[in-house]
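See structure below.
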Amino acid sequence: SFASGGRPTRLLGAHSAVQNPDGTPHLRHGRPDDRSFVFLRSEAKITDDWQVLGLRGTGSDTYTVEELFVPEAHAPARDAPEERQETGPLPTIQSTLLYATGFCSVSLGVARRLLEAYVALARGKPSRASSNAMAVNNAIQREIGQLEARLSAARAFLHGAAAEAYDAAAAGRLDLDRRMRLRLATTHGMNEATEVSIASYRAAGTTAILDSQPFERRFRDAMSVSQHLQAMLPHVEMVGRHILGTENKVQNV
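Quick note on my numbering: the sequence shown kicks off at -9 and runs consecutively.
This is the structure in structure tokens:
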């Protein structure tokens, strides 16, 4: 388990499927019973093992609990519409899509900073092949234009899909098509951000590896967030099956 953000907190929240005593899935509202369990951090065994490439500030340590009783009042079924307590749009959107939107936003933000650093560097650094600044190199001009287009398009797709989902949820019309569109926008955005980050880092040459430069830490963060479940391409395959109308296992939407 990843206790992201858990180091300064008093409470932790774990998510798990509920099983019957015989090990079979427990059903609630006719579906497998998935719950979030909220408990005191002091009741968990925390392993300080978040020694990682990037995203170091999240403190996503491993934690375990044994023989822990959590009262039902502290174990909400977070995505069950039958148990929803709030009436606003956000609780209507499945939590995994909210996570995906957040992770995609982080990816796009890190990629934006890397691209800005690339542009700033190109304005002043001589090209490897001549004494002229990188900024007058046609290939670099083309690449920066293409990277800007990719990043801006991915951001616009995310904002559009998120706004559509929010408005539909507010009107009680959040259907599968809109949820699939948001899933596609988030996964696509994370992968586009990864490619922009890699290109910006590589273009900076050896400048990028210096701790004193703005590339190194952001690149590590970009590569780390790219490994998250939300960026995995099977999500895109699922959306493709939905568009084509073929047999599909709908999940994480």
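Ideal placement from N, C-alpha and C gives every residue a C-beta, glycine not left out. From a predicted model like this one, the values you see are computed outputs, not experimental measurements.
Under the three-state DSSP convention, the category residue i falls into
| i | result |
| --- | --- |
| residue 147 | helix |
| residue 205 | coil |
| residue 17 | strand |
| residue 28 | strand |
| residue 71 | helix |
| residue 52 | strand |
| residue 123 | strand |
| residue 159 | helix |
| residue 65 | coil |
CA-to-CA distance, residue j to residue i, given in whole angstroms
| i | j | result |
| --- | --- | --- |
| residue 99 | residue 110 | 17 Å |
| residue 90 | residue 122 | 42 Å |
| residue -2 | residue 52 | 15 Å |
| residue 183 | residue 216 | 9 Å |
| residue 149 | residue 137 | 18 Å |
| residue 166 | residue 211 | 32 Å |
| residue 145 | residue 96 | 11 Å |
| residue 124 | residue 114 | 7 Å |
| residue 176 | residue 152 | 9 Å |
| residue 72 | residue 19 | 8 Å |
| residue 63 | residue 81 | 18 Å |
| residue 178 | residue 243 | 15 Å |
| residue 240 | residue 94 | 20 Å |
| residue 218 | residue 126 | 37 Å |
| residue 156 | residue 37 | 38 Å |
| residue 23 | residue 173 | 23 Å |
| residue 235 | residue 154 | 22 Å |
| residue 107 | residue 40 | 28 Å |
| residue 54 | residue 28 | 13 Å |
| residue 10 | residue 56 | 17 Å |
| residue 6 | residue 35 | 17 Å |
| residue 227 | residue 116 | 43 Å |
Neighbour flag for residue i against chain B, beta carbons, 7 Å
| i | result |
| --- | --- |
| residue 51 | The question asks about chain B, but that chain is absent: this structure has only one protein chain. |
Extent of the continuous beta strand (DSSP E) to which residue i belongs
| i | result |
| --- | --- |
| residue 5 | 1 to 7 |
| residue 197 | It is not in any beta strand (DSSP E) - residue 197 carries neither H nor E in the DSSP assignment. |
| residue 36 | 35 to 37 |
| residue 77 | Taken as a continuous stretch (DSSP letters only), residue 77 belongs to no beta strand (DSSP E), as it is neither H nor E. |
CB-CB length for residue i against residue j, believed under 8 Å
| i | j | result |
| --- | --- | --- |
| residue 79 | residue 160 | 4 Å |
| residue 213 | residue 44 | 6 Å |
| residue 205 | residue 104 | 6 Å |
| residue 49 | residue -4 | 6 Å |
| residue 68 | residue 26 | 5 Å |
| residue 102 | residue 141 | 6 Å |
Counted within 10 angstroms of its Cβ, other Cβ atoms place residue i as buried (16 or more) or exposed
| i | result |
| --- | --- |
| residue 225 | buried |
| residue 42 | exposed |
| residue 147 | buried |
| residue 84 | buried |
| residue 181 | buried |
| residue 14 | exposed |
| residue 192 | exposed |
| residue 202 | exposed |
| residue 59 | exposed |
| residue 229 | buried |
| residue 0 | exposed |
| residue 112 | buried |
| residue -8 | exposed |
| residue 16 | exposed |
| residue 129 | exposed |
| residue 233 | exposed |
| residue 2 | buried |
Enclosing alpha helix (DSSP H) for residue i [first to last residue]
| i | result |
| --- | --- |
| residue 91 | 85 to 114 |
| residue 224 | 224 to 234 |
Distance cut-off 6 Å: residue i Cβ against heavy atoms of the ligand COA
| i | result |
| --- | --- |
| residue 60 | Within the structure as shown, the ligand COA is missing, as the structure has no ligands at all. |
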